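K.L.:
Provided herewith is a single structure, encoded as structure tokens, for subsequent inquiry.
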Amino acid sequence: MHSHIGGLAMEPLSQAELAQRAAQDVAVVAANLQKKWRESWFKSPSRSKLIKNLAILATSLQCVSFCQDKYEQREHGDQQDDGVVKLETFLCGLELVCTFPRSNLAKSSGQKEPGARFPTLDALVTANSTQNIRSGPDIEILPKVEKSMEAFASESPYITSPYFSFLRSFSKAKQQAKKHAESAQRDAEAQQKRGDTKMTKSDEDESYPRHVYDTLHKVFKKHAQCYCGLPNPSPSTPRSHWGRLELKENFPTMDNEILFHTVFSKKGSMEFVENIKWQHLQFRVPRKQRKVRAVGFEDKKCDDGVEDSTRLDDATEVTSTSEFCKLLGKDIGPGSMDVRIRDEVLLVLRRAVDIEVDIADERSISLADVLSNYSLVPRSKLLLAYILAKSVWQFYDSDFMSARWTTETIQLFREREDEDDDDEPGFHWAPYHTFSFEQLVERDSVERLPPGQFLHRYPRVLALGAILYELGRKRRQRKQIRSLATTSPTSPVEPPTPEKIINDTASAVRKGVKNRNWPDIKLKNIQTLEDYRVIVANCVSENFFRPDPKEKSQKMPEELEEELTVEERRAILFKKVVAPLKEVVQTTGWVDESGNIRPHHVKGAVAQPRSVALLNDTSQNSQTSQTPTDGTQDTPTASGAEAEAWLNNIKGGPVMEAVLSAFREKELVKKRIRIVVLDTGYDPGAVFFNRDRKRSLKGWKDYVERDQPHAKDEDGHGTHVLSVLMKVAPAADIFVARVARDTPDLQNATGNIAEAIEWAWKDCNANIVTMSFGFDEEIHVGGEPVVSNAILKAILETRQRILFFAAAANDGGNREEMFPANNINVLSIRGTDDYGWAQRFNPPPDYNGKTCFMTLGLNVPGASLRKSKDEGADVCKSGTSVATPIAAGIAAMLLGYARIHEKYLQGILEPQGEAKLTRLWRITGMSMLFEKMAKEMMEKWSYLNINEFTDVTDEMRLSMIAWAVKEARG
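Pasting the structure below:
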């Protein structure tokens, strides 16, 4: 069979050629469909799954790659190569997608030409080859393919997910992203000839004249130093008001003036230690330089044609340092003074302006500290990178760059606490530049160094590269990242040479950007990460400013580089760093067409300063010593009645009654489900733990005080978690391991957790392990991921007959899913109210990942410490750590129900029914059963609705279990 174009026969395509062309053509169709539905999404919001699946299909197919050596049949031998078989499967799958839900595969597989076996793909490729898919004999092929693709993309994940996973096995996305980023960089370098370095008008629109920054710096330098308040003031003992300039992607303008927002300490630096009161000042700098000096009388015009509307009776003139000190000391509340700069004289306007954020009366926090001790959501890292790159470019040739920019000099502020806001005060995410006038210009901060023993001759560009590099690094201890911010002296008396500072930084960043795990920004878009890698690599390249020689030029690139002016170098910086970063953040939708950051993308950009947490919340009703350890959901009116009724619905339901009754029988006692709780222990003196309930507690292990034979809990978290679990799993045998004393102790409890996991499967024969705590990332011991290793070992040693549950996180969008919840072998749990609606403390789902399971996590009553003010009575708490034991208890009930009906289930699962049923004890099997009984509240958010399992007949329940087991894989 031959394809035809305009009546002329084409040579038949090989199987690999058909696959490559068909993949690209189908990708185009999917992309066009996705665009069409996305534009009309507001009319049909229920189509979000269709839109998302079309995007995945288009992206996956665009990235497939077929090496003919691998996917063509070799001449020798009759047996098909693995690559050929896989390619055949690929074409079969793609043909089915294009004809879904019917099959259009040729009946006979003996035909040699691929076009005969895959007629729809062949027709699509043939039609596309005419350059006009709407012409020719296959004019109707496109609508049919579009209809089939829409039907396929609307199907459930059980159909689409396996196919998407299969497509990814052909993907070269990361390599293609890297090549694309490098290609874009080569294009930029190709334009970097001497004649191309002049800034375009669009670049000029984002910049301001040099005199604007010079004027601002001179005013700061003149007025920030003061002598007031000193016992014997003298010019030799000045002190400075601390100053911070807010950095913005675009400084606002008004009436031909550029507006700069600053904060100054109200007192000089010698008068405070920790608590600092800040004064907000908005400085107005004229865009055009005045050519005459004049006092601004009404209707007076300067000879440059710019009208000056400031009258003396509308403003207070500040000419001396002492007057500026008095100005800073004035308390005007949560507002900013409005100050116009005219001929280096300050005119304080008799009005106040609103401030975006009221900052707390405390020291600002360096970006280095934030990167070390806090969590930044991925978008905040890229937005900070964009603003800082833009700022370095804006100030590149100004005195603001006279001191080296580092993650130490870039500062952030905490917001002032609002008594009317239930949320814990967070960070004002915007970066501030620290300006200081007490030190001389550092040699390693000049714009260009003379030729010498330097790996990089442009310290300001190198400093920017170091900052961008640190933004892409994993969180780590401060001492590990300080080297790129401030290099310590080599000895007490010999400061490091400029060569050492420059070369240490250049070497470290060049090595770091080559690491395959960098940048660690937790984004799914590989292209964005590779673009960022190339941008930072540019900054530290010794050839950053080296242009290609012009045609017929007799000069070497090094000579052309030396001839570049500062403005030309600044233009190159924009083209190679600022513009690509702007494109990256615009592609994500976080920045508008004008380069302004959309406000809703910066709320909650910095999470709370804790790398580990017991993921619970304490209600207002509880006055125990327990305190919330994260920014979790408050429960000011928590009675717990709704949650108690929800729990009673499980305990009093027919399934739980059947399980409880069966496991009372002597022959089934040894088959009770066994659950191990890893937490802070429990208080046996709490009211909840009566004699009957204590019979369910079968084991105790203390890894905090290893010689402690008796149960104890000094925090209360474990007591609450255990009591909630026992309410939902009254038919289970419970074991408790105390792995940490409290949240701070959890930081060093990694080894305890790993040991407790081994104890769980080896000594307790556990079916379920539940963990209501989390780490921002796994803490290694001796360079090894001991907890992940322990989980994997438990699964292997038990022949995949153990389930792990963990709390997701409690900071909403401020924190990603924590470890161990994000481990592939762990079921991550989020929290809902009693109606199944997701709560704001949940982390967002990964829309390209697995389904997020949720269950009750709001106002859940549980036991308190006996020695607390509640004296061991029930208190209500909210959070994912409350939802986790409930989910584990539901799983125990399901496993118990399957166990008491195992003979029947094994029979309907034959052949090998006994082996198949064990899949229910795997994460895949339990996930399938959860999905079967869960209600999808939103895309990727599934509520464990126990009624879907309990309010049906035994036959239907057993059918649900059998279906889940059959669908489970791995």
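Last residue of the sequence shown: 970 in full-length UniProt numbering, with the numbers rising by one and none dropped. All residues carry an ideal CB built from backbone N, CA and C; glycine is no exception. It should be emphasised that the depicted structure is a prediction, and the values quoted were computed from it without experimental measurement.
#1: Report whether the distance from the Cβ of Phe400 to the nearest heavy atom of the ligand ATP is below 6 Å.
#2: Can you list, in chain order, the residues of its chain with a C-beta nearer than 6 Å to that of Met960? Leave out the 5 residues immediately preceding and following it.
#3: Between the Cα of Pro580 and the Cα atoms of Val536, Ser402, Val97, which residue gives the shortest distance?
#4: Do you know offhand how far Val145's Cα is from Ala463's?
#5: Going by DSSP, which residues form a beta bridge with Met938?
#6: Would you identify the three-state DSSP class for Ala360, choosing helix, strand or coil?
#7: Is the beta carbon of Ala888 less than 7 Å from the beta carbon of Ala686?
#8: Considering only residues of the same chain and omitting the five flanking positions on each side of Ala430, which have a CB-CB separation below 6 Å?
#9: Terminal residues of the continuous alpha helix (DSSP H) containing Lys500?
#10: Taking its Cβ as the centre, do 16 or more other Cβ atoms sit within 10 Å of Glu665, making it buried, or is it exposed?
#11: Going straight from the alpha carbon of Leu412 to that of Val736, what length do you get?
#12: If we call anything under 7 Å between Cβ atoms a contact, is Leu449 one with Arg457?
#13: Could you check the C-alpha separation between Arg533 and Lys582 for me, to the nearest Å?
#14: Please name the residue, chosen from Ile791, Arg799, Leu50, that lies closest to Asn822 on a Cα-to-Cα basis.
#15: May I ask you to report which of helix, strand or coil DSSP gives Ser541?
#16: Going along the chain, which residues of its own chain have a beta-carbon closer than 6 Å to the beta-carbon of Asp702, five neighbours each way excluded?
#17: Could you compute how far the alpha carbon of Ala964 sits from the alpha carbon of Ile795?
#18: Within 10 angstroms of its Cβ, does residue 993 collect 16 or more other Cβ (buried), or is it exposed?
#19: Straight-line CA distance for Phe775 to Phe819?
#20: How many Å lie between Glu784 and Ile521 at the Cα?
#21: So Gly774 is in the alpha helix (DSSP H); what residue range does that whole segment cover?
#22: Below 8 Å CB to CB, which residues in the same chain sit around Ser661 once its five sequence neighbours on both sides are set aside?
#23: What three-state label does DSSP hand Ser625 in the structure shown?
#24: So, for Tyr396: in the same chain, excluding its five sequence neighbours on each side, which residues have a beta-carbon less than 6 Å away from its beta-carbon?
#25: Work out the CA separation of Ala934 and Lys86 for me, nearest whole Å.
#26: Classify His428 as buried or exposed, calling it buried when 16 or more other Cβ atoms lie within 10 Å of its own Cβ.
#27: Go through its chain and collect everything with a Cβ distance to Ser202's Cβ below 8 Å, but skip five positions before and after it.
#28: Going by Cα to Cα distance, which pick from Cys325, Asn596, Thr253, Ser265 is closest to Phe435?
#29: Using a Cβ-Cβ cutoff of less than 6 Å, which residues in the same chain neighbour Gln453 once the five nearest sequence positions on both sides are dropped?
#30: If you draw a straight line from the C-alpha of Asn767 to the C-alpha of Ile923, how long is it?
#31: On a Cα-Cα basis, can you pick out the residue from Ile526, Ala506, Gly907 that is closest to Glu542?
#32: What residues in its chain sit with their C-beta under 6 Å from that of Leu91, if we drop five residues either side in the sequence?
#33: How is the beta strand (DSSP E) around Leu803 delimited, first residue to last?
#34: By the DSSP assignment, the alpha helix (DSSP H) with Arg210 in it spans what residues?
#35: Could you tell me the distance, in whole angstroms, from the CA atom of Val263 to the CA atom of Asn53?
#36: Who are the Cβ neighbours of Gly640 in its own chain at under 6 Å, not counting the five residues just before and after it?
P.N.:
Short version:
#1: No copy of the ligand ATP occurs in the structure displayed, which carries no ligand at all.
#2: Lys932
#3: Val536
#4: 53 Å
#5: Trp941
#6: coil
#7: no
#8: Glu246
#9: 498-513
#10: exposed
#11: 42 Å
#12: yes
#13: 14 Å
#14: Ile791
#15: coil
#16: Gln708, Arg738
#17: 20 Å
#18: Absent from the model: residue 993. The displayed extent of the chain is 1 to 970, so no value can be given.
#19: 5 Å
#20: 22 Å
#21: Here Gly774 belongs to no alpha helix (DSSP H); instead the beta strand (DSSP E) covers 773-775.
#22: none
#23: Residue placement at Ser625 cannot be trusted, given a pLDDT of 30 that sits under 50; what the coordinates show is reported in the next sentence. DSSP places Ser625 in coil when its eight states are reduced to three.
#24: Arg570
#25: 35 Å
#26: buried
#27: Legend: pLDDT at Ser202 = 38, less than 50; position of this residue unreliable, value from coordinates given subsequently. Closer than 8 Å at the Cβ level, and outside the excluded window around Ser202, lies no residue.
#28: Ser265
#29: Glu499
#30: 11 Å
#31: Ala506
#32: Ala19, Phe118
#33: 803-807
#34: 210-224
#35: 48 Å
#36: Asn859, Pro861, Cys876
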